[in-house]
Amino acid sequence: MHAYANPARFLSLAKPLTFWFLILGIVMIAFGSAYGILAAPADRLMGDSVRILYIHVPTAWLSMGGWTSIAVASIIQIVWRHPLAAVAARAVAVPGALYTALALITGSIWARPTWGTWWVWDGRITSMLVLFFLYLAYIALANASSEKGGVSRVTAIFGIVGAINIPIINRSVVWWNTLHQPASITTGGSSIDSAFLWPLMVNVIGFSLLFGAIVLMRMRAILAETKVEARLRRMAAE
Amino acid sequence: MGLYRDAPIGTKSGTVEQEKMKAKHQRLTLVLLAVAALLGASLLAAYALQGQASYFYTPSDIAKKQPEAGQAIRLGGMVEEGSIQRGADGVTVKFVVHDGTSKQPVTYTGITPDLFVEGSGVVADGKLTDGGVFVADTLLAKHDENYIPRELEGIDMTGKQHKTETLVQ
């Protein structure tokens, strides 16, 4: 892993990966969504509003995956002092916040016809809103304490502490009575019919690749920024 | 890691490497301890919240707690098969909510959500009357975790069972 501590080596790998992640991600999202909207069947009870599933589920999963990776990167930063870990954690925060917002918005749009309300303060929805605020706080903290492109140790600790919300989001539908339904896809199988499931999985992979592409782009931008800053500092010193 | 441990002791570079490893291990233990403590704390908090953080009471909760008539509560459960009676005025609806063990009769006046059908989940805001009937002011439908295409309705029986964990324990 430390082989990629060298930014130049990382960049030589990140550049082509960004391209392929982005292209494949967009193609898969376009295909999955088009199939989901035009060809997949309507739900027995929800009718056409089931189609929002193809955006809601991938974004909701990745918003949780995003913070999990911030926590992992923060641990790597604190324990192993890997120079790219902080850059990665910082790069994840913005797409993470974006995906959380998308999950909340699509969920709200789905809830209006399905439940009969735009919003309720149940365990799942409230903990997702908390996740969105955690992302915003992380972004603010990271920007305020930027150190050579990375983030300060306080920000890293916040990244680890904030991860406590992830199991709460995941378990909220089990621990408490919520209006939100329990998980449809678990390790025990899926209660989503295969007609809905496969375009959903195409979109999950597509959204993951897009997420990865955004993270790599942001990492490259942060590294470039550090280089510019260092150069400016050297020029000023001369 | 074993590589570093085998480094010759006494030489300057070996000691430095060992010192580095030690610091790394210390940080790792510290982080692991912190994470374990956090996890424990939040699990305890979640456990303590169990009753309060629920979005609704089930009919069994109501039977157990016996809330006073007129107290605002939120009821959740499954609409009993064959229990929906539409009033003559077209907007009043009477039905029974159950959770597998207890039952609660409910009346509601207003437009019901699309998903309000027999055997589906509902969440209602309202209060109990002296007669033990729950009068709802708002009615929300609860969707379960099953997604079934229209064409398969009636063929695939898994969708009819509504094994919603949070409603029927």
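In order, the protein sequence lines correspond to chains A and B.
Heads up: the first sequence begins at 1 in the working numbering, then just goes up one per residue.
Heads up: the second sequence begins at 239 in the working numbering, then just goes up one per residue.
We put the beta carbon where it would ideally sit given N, CA and C, even for glycine.
On a predicted model such as this, the values are computed, not experimentally measured, just so you know.
Residues of the segment 328 to 340 of chain B with a CB closer than 7 Å to any CB of chain A: list them in chain order, please. none
Run through DSSP, which three-state label would Gly150 of chain A get? strand
Go to Leu45 of chain A, then tell me how far its alpha helix (DSSP H) extends in each direction, as first and last residue. Here Leu45 of chain A belongs to no alpha helix (DSSP H), and DSSP marks it neither H nor E.
Quick one: list the residues of chain B neighbouring Ile160 of chain A, beta-carbon separation under 9 Å, in chain order. Val269, Ala272, Val273 and Leu276
Beta carbon proximity, Asn170 of chain A to chain B, threshold 9 Å: no
Identify the continuous alpha helix (DSSP H) that holds Ile311 of chain B and give its terminal residues. It is not in any alpha helix (DSSP H) - Ile311 of chain B instead sits in the beta strand (DSSP E) that spans Ala310 to Val317.
Per DSSP, cross-strand counterpart(s) of Ser240 of chain A: The structure shown does not extend to residue 240 of chain A, since chain A spans only 1 to 238, so no value can be given for it.
Interfacial residues, the segment 30 to 47 of chain A to chain C, with Cβ spacing under 9 Å: Among the protein chains in the structure shown, which are A and B, there is no chain C.
Does Phe21 of chain A come within less than 9 Å of chain B when only Cβ atoms are used? By this cut-off, Phe21 of chain A is not an interface position.
Indicate whether at least one CB of chain B lies closer than 9 Å to the CB of Val202 of chain A. No, its Cβ sits nowhere closer than 9 Å to a Cβ of chain B.
Under the DSSP definition of a beta bridge, which residues are partnered with Lys341 of chain B? Assignment of beta-bridge partners to Lys341 of chain B by DSSP yields B:His336.
Where Gly314 of chain B meets chain A, residues with beta-carbon distance less than 7 Å: Asn177
What did DSSP end up calling Leu13 of chain A once you bin it into helix, strand or coil? The three-state secondary structure of Leu13 of chain A, taken from DSSP, is helix.
From Leu45 of chain A to Ser12 of chain A, what does the alpha carbon distance come to, in whole angstroms? 50 Å
Would you say Thr155 of chain A and Leu136 of chain A are within 9 Å of each other, going by their C-beta atoms? No, the pair does not count as a contact, with Cβ atoms beyond the cut-off.
Determine the burial state of Val215 of chain A: buried for a count of at least 16 other Cβ atoms within 10 Å of its Cβ, exposed for fewer. buried
According to DSSP, residues forming a beta bridge with Phe409 of chain B: Because chain B spans 239 through 407 in this model, residue 409 of chain B falls outside it and cannot be assessed.
Does the CB of Phe372 of chain B have a neighbour CB from chain A at under 9 Å? no
What residues from chain B crowd round Phe196 of chain A, counting only those whose CB sits closer than 8 Å? Tyr385 and Pro387
Can you pull out the residues from the segment 292 to 316 of chain B whose beta carbon lies closer than 8 Å to at least one beta carbon of chain A? Ser292, Tyr293, Phe294, Tyr295, Thr296 and Gly314
Would you list, in chain order, the members of the segment 337 to 365 of chain B that have their beta-carbon closer than 9 Å to a beta-carbon of chain A? Ile349, Thr350, Pro351, Asp352, Leu353, Phe354, Val355, Ser358, Gly359 and Val361
Work out the CA separation of Pro16 of chain A and Leu405 of chain B for me, nearest whole Å. Residue placement at Leu405 of chain B cannot be trusted, given a pLDDT of 49 that sits under 50; what the coordinates show is reported in the next sentence. The straight-line gap from Cα to Cα measures roughly 49 Å.
Could you give the distance in angstroms between the alpha-carbon of Phe19 of chain A and the alpha-carbon of Ala221 of chain A? Whole-angstrom Cα-Cα distance: 14 Å.
Run through DSSP, which three-state label would Tyr242 of chain B get? Confidence is the limiting factor: at Tyr242 of chain B the pLDDT is only 46, short of 50, which leaves the residue's position unreliable, though a coordinate-based value still follows. DSSP places Tyr242 of chain B in helix when its eight states are reduced to three.
In chain order, what residues of the same chain lie with their CB nearer than 8 Å to the CB of Pro297 of chain B, ignoring the 5 residues before and after it? Leu313, Gly315, Val335, His336, Asp337, Thr339, Ser340, Lys341 and Gln342
Closer than 9 Å, CB to CB, is Lys260 of chain B near chain A or not? Not one chain A Cβ lies under 9 Å of Lys260 of chain B.
Using 8 Å as the Cβ pair cut-off and three pairs as the minimum, do the segment 89 to 102 of chain A and the segment 178 to 188 of chain A touch? Result no; under three Cβ-Cβ pairs closer than 8 Å.
Exposed or buried, which one is Lys401 of chain B when buried takes at least 16 other CB atoms within 10 Å? Low confidence applies here, because Lys401 of chain B scores a pLDDT of 44, under 50, leaving its location unreliable and the question unanswered by this model.
Around the Cβ of Met28 of chain A, are there at least 16 other Cβ atoms within 10 angstroms (buried) or fewer (exposed)? buried
In terms of alpha-carbon separation, which member of A:Arg9, A:Val50, A:Ser33 and A:Gly25 lies closest to Pro387 of chain B? A:Val50
Taking Ala93 of chain A as the reference, which of A:Ala163, A:Phe21, A:Tyr54 and A:Ala14 has the closest Cα? Considering only alpha carbons, the answer is A:Ala163.
Where Leu104 of chain A falls, given that 16 or more other Cβ within 10 Å makes a residue buried: Around the beta-carbon of Leu104 of chain A, 16 or more other beta-carbon atoms lie within 10 Å, marking it buried.
Taking only beta carbons into account, state which residues of the segment 89 to 113 of chain A come closer than 8 Å to chain B, listed in chain order. Pro113
In the DSSP assignment, find the alpha helix (DSSP H) that holds Val174 of chain A and state where it starts and stops. Asn165 to Trp175
Does the Cβ-Cβ distance between Leu84 of chain A and Pro7 of chain A come in under 9 Å? Yes, the Cβ-Cβ distance between Leu84 of chain A and Pro7 of chain A is below 9 Å.
Compute the beta-carbon to beta-carbon distance between Val173 of chain A and Arg124 of chain A, rounded to the nearest angstrom, for a pair I have assumed lies under 8 Å. 5 Å
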